[in-house]
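In full-length UniProt numbering, the protein residues as written are 1 to 546. For each residue, glycine too, the CB sits at the ideal point set by N, CA and C.
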Amino acid sequence: MAEDANPPAVENIYKVTRRIKRTEQTLYNALRSIHDDSVFVSEIRCLWRELPLLANLRCGLWYASEFDGTCYFKSTDGHNGNWSFSTARVNLHVLQLAAERGGCFIVDATRKGKRFPDAMSKTIPIWACVMNRALADYRTLHAQEMLQSSIATDQEQTGPCDTAEYCEDNREREDWDCSLHLPSWISHVEKGNIQSRLEGWVQSLKSISFGIEQLSNRLKKPLRPLWVSQNSVIWLNELPELDDWPFTPIILVSASKPSVFTQRYTDADFSWSYIPGAADDEESWARGLTPALFWKHHREILEGGPTPCNAKVADIVERDRVYRALRGNVTPQVRVKLGGSSYKSDPKLADVQPSDHQETSNLGLQDEISKGGSAFRIVPSNLKGFHWIGDSGLAVGKEECGSMDDICKLVDSLINCGASPHPVSTSQKDTYLYLPIVGSKFDRYSLQKHLAEAISFAQQKLSHRKTILIYCSSGEDISVCVCLAILLSCRTGQGSGFKSLDKNCPVTKSDVRQQLIYLSSFNSDARPSRGSLRQVFNFFNPSVEP
Numbered sequence: 001m002a003e004d005a006n007p008p009a010v011e012n013i014y015k016v017t018r019r020i021k022r023t024e025q026t027l028y029n030a031l032r033s034i035h036d037d038s039v040f041v042s043e044i045r046c047l048w049r050e051l052p053l054l055a056n057l058r059c060g061l062w063y064a065s066e067f068d069g070t071c072y073f074k075s076t077d078g079h080n081g082n083w084s085f086s087t088a089r090v091n092l093h094v095l096q097l098a099a100e101r102g103g104c105f106i107v108d109a110t111r112k113g114k115r116f117p118d119a120m121s122k123t124i125p126i127w128a129c130v131m132n133r134a135l136a137d138y139r140t141l142h143a144q145e146m147l148q149s150s151i152a153t154d155q156e157q158t159g160p161c162d163t164a165e166y167c168e169d170n171r172e173r174e175d176w177d178c179s180l181h182l183p184s185w186i187s188h189v190e191k192g193n194i195q196s197r198l199e200g201w202v203q204s205l206k207s208i209s210f211g212i213e214q215l216s217n218r219l220k221k222p223l224r225p226l227w228v229s230q231n232s233v234i235w236l237n238e239l240p241e242l243d244d245w246p247f248t249p250i251i252l253v254s255a256s257k258p259s260v261f262t263q264r265y266t267d268a269d270f271s272w273s274y275i276p277g278a279a280d281d282e283e284s285w286a287r288g289l290t291p292a293l294f295w296k297h298h299r300e301i302l303e304g305g306p307t308p309c310n311a312k313v314a315d316i317v318e319r320d321r322v323y324r325a326l327r328g329n330v331t332p333q334v335r336v337k338l339g340g341s342s343y344k345s346d347p348k349l350a351d352v353q354p355s356d357h358q359e360t361s362n363l364g365l366q367d368e369i370s371k372g373g374s375a376f377r378i379v380p381s382n383l384k385g386f387h388w389i390g391d392s393g394l395a396v397g398k399e400e401c402g403s404m405d406d407i408c409k410l411v412d413s414l415i416n417c418g419a420s421p422h423p424v425s426t427s428q429k430d431t432y433l434y435l436p437i438v439g440s441k442f443d444r445y446s447l448q449k450h451l452a453e454a455i456s457f458a459q460q461k462l463s464h465r466k467t468i469l470i471y472c473s474s475g476e477d478i479s480v481c482v483c484l485a486i487l488l489s490c491r492t493g494q495g496s497g498f499k500s501l502d503k504n505c506p507v508t509k510s511d512v513r514q515q516l517i518y519l520s521s522f523n524s525d526a527r528p529s530r531g532s533l534r535q536v537f538n539f540f541n542p543s544v545e546p
């Protein structure tokens, strides 16, 4: 029998796998999975309503409509063989918030095959243990110094009292839990490897100034992580009160179901595939949608089902882009192909009304608060992403802060770090500096080339007691590093006082870390990239450049 002249083509197994994955990981499936997981997050939060809810950026930010704050613990710091404690991401605000409120929730998620991301199973436990040990060492040392000082001054009168105080502090040191608490699925070998590195990380933390005295006074009980997932069994009639716990709980909530296989669900109207950790790697699936936009329009997006989902998201994203463009904030246009043709947004988009968004005018910015001897204006509650950096006279923010109508009532001067340039009147030219800085991925020296101009401008304004807002498109990277460079060049320390830039006095990496921790303690959104930080260091140390 003659062989078939045209045998059927055999498809590559990888192409088939990718096609199946694309059909499962659609935009609707991702958003529906996120919405369903958010129900679990809200249920867990209701168990201890007094605790603040934090999102571990960036994945965790999708799993609730409102958060009390954010944090940034990287999973890579907990990867097997790559364990580390980052002095660039100390997350002091998490410790401060947990100390004030008696604990906190941290929300994150992970892809299929895991119950918890490495950030929760190892990075945060390492962070908690290092913090506990540093605080315990400080308390013991402080108690010893008090005892020696009191004995030297008046041993007969104060000796017995101070000895008792010292013994009490020593007992507190013994009762203060400094153990490394990891989840049960972490092997003993890996736990041992992490424990062998803990003291080195403690010394690294203690080598930089991070306000340990204030933290020691605030934190009454040691930090301890607790893990909660959708597989956890919680007996509601046996929930302890926060005051009954001998530790300050850091409750780590893994929002997604730990599913290995694809699960298909059907409700009254539609069927959809569940995606564990759907919010991870949002650039690959979100099509320009942000967590804030999703939760503002989630009913509109999800009620129509899978078919119109892409079109609705594209329309919402385009409306938001047009609104921002009308206010001077230029954002890239997102193109989405539907059915083989490019999606065209509604022609009425040009008529977007400001009422669809939070108003930032008429904010009532007349009130002022005195801090550090200078008057700093109170930031309105609906102005997100604006952060005063202590009493330095500097503030860091995102693009929306710099473009708001009443910004001149809040700060005296502006430094625009690569965000969309705004028209400036002749009378405002002396108070506005535009620096066309791009990210380190696009130009490895862009930030470094403009730092001298930024520092000169800042020195001139700060010497006349003028306040400055430094902003970029995200408020997380470039503006943070420009502010960091100004702090390094202008401040004599973490208190008041300024100096001129002295190139003969090199800045060390420890100096950069210390000032970054100081900055981050006021701005929890600060997440400078490694490339940007390297440019700041190289600016002060040009001889070390490759």
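Exercise. Between the C-alpha atoms of Q428 and S273, what's the straight-line distance to the nearest angstrom?
Worked result: Along the sequence shown, one-based indexing puts residue 428 at 428. Along the sequence shown, one-based indexing puts residue 273 at 273. Roughly 55 Å between the two C-alpha positions.
Problem set entry | Endpoints, the beta strand (DSSP E) within which N416 is located | Your numbering for residue 416 matches position 416 in the sequence shown. Counting along the chain, the beta strand (DSSP E) containing N416 begins and ends at S413 to C417.
Problem set entry | Collapsed DSSP secondary structure at F539 in the structure displayed | Locating residue 539 in the sequence shown gives position 539, where the first residue counts as 1. DSSP places F539 in helix when its eight states are reduced to three.
For this session: Determine the closest residue to I468 out of S446, E400 and H387, with distance taken between C-alpha atoms.
Result: For this step, residue 468 is matched to residue 468 along the sequence shown. Distance from the Cα of I468 is smallest, within the candidate group S446, E400 and H387, for H387.
Exercise. Looking at the structure shown, is S496 part of a helix, part of a strand, or coil, going by DSSP?
Worked result: Taking the sequence shown and counting its residues from 1, one reaches residue 496 at position 496. With a pLDDT of only 43 at S496, under the threshold of 50, the placement of this residue in the model should not be trusted; the figure read from the coordinates follows. Coil, per DSSP.
Problem set entry | Buried versus exposed, by CB contacts within 10 Å (16 or more), Y28 | Indexing the sequence shown from 1 puts residue 28 at position 28. By the neighbour-count rule (16 or more Cβ atoms within 10 Å), Y28 is buried.
Problem set entry | Sequence-distant residues of the same chain with beta carbon closer than 6 Å to P117, five excluded per side | Against the sequence shown, residue 117 aligns to sequence position 117. Same-chain partners within the cutoff: S75, D108 and T110.
Problem set entry | Exposure label - P225; buried when at least 16 CB within 10 Å | Against the sequence shown, residue 225 aligns to sequence position 225. Answer is buried; the Cβ neighbour count reaches 16.
For this session: For V233, count neighbouring Cβ atoms within 10 angstroms of its own Cβ and tell me buried if that reaches 16, exposed if not.
Result: Locating residue 233 in the sequence shown gives position 233, where the first residue counts as 1. Exposed, by the Cβ-count rule.
Exercise. In whole angstroms, what separates the C-alpha of G393 from that of K466?
Worked result: Position 393 of the sequence shown, counting from 1, holds the residue named residue 393. Position 466 of the sequence shown, counting from 1, holds the residue named residue 466. Taking the straight line from one Cα to the other gives about 7 Å.
Exercise. Among L433, C178, I13 and S42, which has the Cα closest to the Cα of P246?
Worked result: Your numbering for residue 246 matches position 246 in the sequence shown. Selected option, being the one with the closest Cα: C178.
Exercise. Does the stretch 206–217 come close enough to the stretch 128–144 that 3 or more CB-CB pairs lie under 8 Å?
Worked result: In the pairwise beta carbon analysis, the stretch 128–144 is classified as touching the stretch 206–217: at least three pairs are separated by under 8 Å.
Problem set entry | Residue(s) in a DSSP beta bridge with H79 | Start at 1 with the first residue of the sequence shown, and residue 79 comes out as number 79. H79 pairs with nothing; no bridge assigned.
Exercise. Beta carbon of L54, beta carbon of G69: below 8 Å?
Worked result: Position 54 of the sequence shown, counted from the start, is the residue given in the question as residue 54. Position 69 of the sequence shown, counted from the start, is the residue given in the question as residue 69. When the beta-carbon positions are compared, L54 and G69 come within less than 8 Å of each other.
For this session: Please report how far the alpha carbon of D405 lies from the alpha carbon of P183, in whole angstroms.
Result: Taking the sequence shown and counting its residues from 1, one reaches residue 405 at position 405. Taking the sequence shown and counting its residues from 1, one reaches residue 183 at position 183. The C-alpha of P183 is placed about 50 Å away from the C-alpha of D405.
Problem set entry | Residues near K114 by beta carbon distance below 7 Å, same chain, minus five either side | In the sequence shown, counting from the first residue as 1, residue 114 sits at position 114. Excluding positions up to five away in sequence, the list reads P258.
Problem set entry | Cα-Cα separation, G102 to A454 | Your numbering for residue 102 matches position 102 in the sequence shown. Your numbering for residue 454 matches position 454 in the sequence shown. The alpha-carbon separation between G102 and A454 amounts to approximately 41 Å.
Exercise. So G475 packs on G385, CB below 8 Å; how close in whole Å?
Worked result: Reading the sequence shown from its first residue, position 475 is the one you call residue 475. Reading the sequence shown from its first residue, position 385 is the one you call residue 385. The Cβ separation is near 5 Å, so the contact holds.
Exercise. In three-state DSSP terms, what is H188?
Worked result: The residue given as residue 188 occupies position 188 in the sequence shown. In this structure, H188 counts as helix in the three-state DSSP scheme.
Exercise. Rounded to a whole number of angstroms, what is the C-alpha to C-alpha distance between D281 and I407?
Worked result: For the purposes of this step, residue 281 is taken as the residue at position 281 of the sequence shown. For the purposes of this step, residue 407 is taken as the residue at position 407 of the sequence shown. Roughly 34 Å separates the two Cα atoms.
For this session: Measure the C-alpha to C-alpha separation of D367 and W83 and round it to an integer number of angstroms.
Result: Your numbering for residue 367 matches position 367 in the sequence shown. Your numbering for residue 83 matches position 83 in the sequence shown. With a pLDDT of 35 at D367, under the threshold of 50, the modelled position of this residue cannot be trusted; read the value that follows with caution. If you take the alpha carbons of D367 and W83, they lie about 47 Å apart.
Exercise. Going along the chain, which unbroken runs of the alpha helix (DSSP H) with 4 or more residues stay wholly within the stretch 298–329?
Worked result: Complete alpha helix (DSSP H) runs here, min 4: 309–326.
Problem set entry | Rounded C-alpha distance that separates F294 from V438 | Translated into the one-based positions of the sequence shown, residue 294 becomes position 294. Translated into the one-based positions of the sequence shown, residue 438 becomes position 438. Straight-line Cα distance between these residues: approximately 28 Å.
For this session: Take G495 and list the residues in its own chain whose beta-carbon comes closer than 6 Å to its own, dropping the five residues that flank it on each side.
Result: Numbered from 1 along the sequence shown, position 495 holds the residue referred to as residue 495. Note that G495 has pLDDT 43, beneath the 50 cutoff, so the model's placement of it is unreliable and the number below is only indicative. Result list for G495: empty, nothing under 6 Å.
Exercise. For R264, which of helix, strand or coil comes out of DSSP?
Worked result: On the sequence shown, residue 264 is found 264 positions in, with the first residue counted as 1. Strand.
Problem set entry | Per DSSP, cross-strand counterpart(s) of W388 | Looking up residue 388 in the sequence shown gives position 388. Per DSSP, the beta bridge partners of W388 are A395.
For this session: Could you tell me how far apart the beta carbons of C472 and G418 are, in whole angstroms, since I believe they sit closer than 8 Å?
Result: By 1-based counting over the sequence shown, the position of residue 472 is 472. By 1-based counting over the sequence shown, the position of residue 418 is 418. Contact check for C472 and G418: beta-carbon distance about 6 Å, within the 8 Å limit, so the pair qualifies.
Exercise. According to DSSP, which residues form a beta bridge with F105?
Worked result: To locate residue 105, count along the sequence shown from 1; it is residue 105. Within the DSSP secondary-structure output, F105 pairs in a beta bridge with L53 and I251.
Exercise. In three-state DSSP terms, what is R534?
Worked result: Start at 1 with the first residue of the sequence shown, and residue 534 comes out as number 534. Three-state DSSP puts R534 in a helix.
Exercise. Hey, would you say S520 sits closer than 8 Å to L92, going by beta carbons?
Worked result: Counting from one through the sequence shown, the residue named residue 520 turns up at place 520. Counting from one through the sequence shown, the residue named residue 92 turns up at place 92. Against a cut-off of 8 Å, the Cβ pair of L92 and S520 comes out as a contact.
Exercise. What does C71 pair with, by DSSP beta-bridge criteria?
Worked result: The sequence position of residue 71 within the sequence shown is 71, counting from 1. In DSSP, C71 forms a bridge with N56.
Exercise. Can you give the Cα-Cα distance for R32 and H297, rounded to whole angstroms?
Worked result: One-based indexing of the sequence shown puts residue 32 at position 32. One-based indexing of the sequence shown puts residue 297 at position 297. Between R32 and H297, the alpha-carbon positions lie close to 13 Å from each other.
For this session: Please confirm whether S532 and L447 have their CB atoms less than 8 Å apart.
Result: On the sequence shown, residue 532 is found 532 positions in, with the first residue counted as 1. On the sequence shown, residue 447 is found 447 positions in, with the first residue counted as 1. In contact: S532 and L447 (Cβ atoms closer than 8 Å).
Exercise. Any idea if S341 is buried or exposed, counting beta-carbon neighbours within 10 angstroms, 16 or more meaning buried?
Worked result: By one-based count along the sequence shown, residue 341 stands at place 341. Caution applies to S341, whose pLDDT of 37 falls short of 50 and renders its modelled position unreliable; the model cannot decide the point.
For this session: Report the rounded CA-to-CA distance for S187 versus K122, giving the unit in angstroms.
Result: Residue mapping note: residue 187 aligns to position 187 of the sequence shown, counting from 1. Residue mapping note: residue 122 aligns to position 122 of the sequence shown, counting from 1. A straight line joining the alpha-carbon of S187 with that of K122 spans about 12 Å.
Exercise. Do you know offhand how far F85's Cα is from E199's?
Worked result: Taking the sequence shown and counting its residues from 1, the one referred to as residue 85 is at position 85. Taking the sequence shown and counting its residues from 1, the one referred to as residue 199 is at position 199. Each residue's Cα considered, the two are about 11 Å apart.
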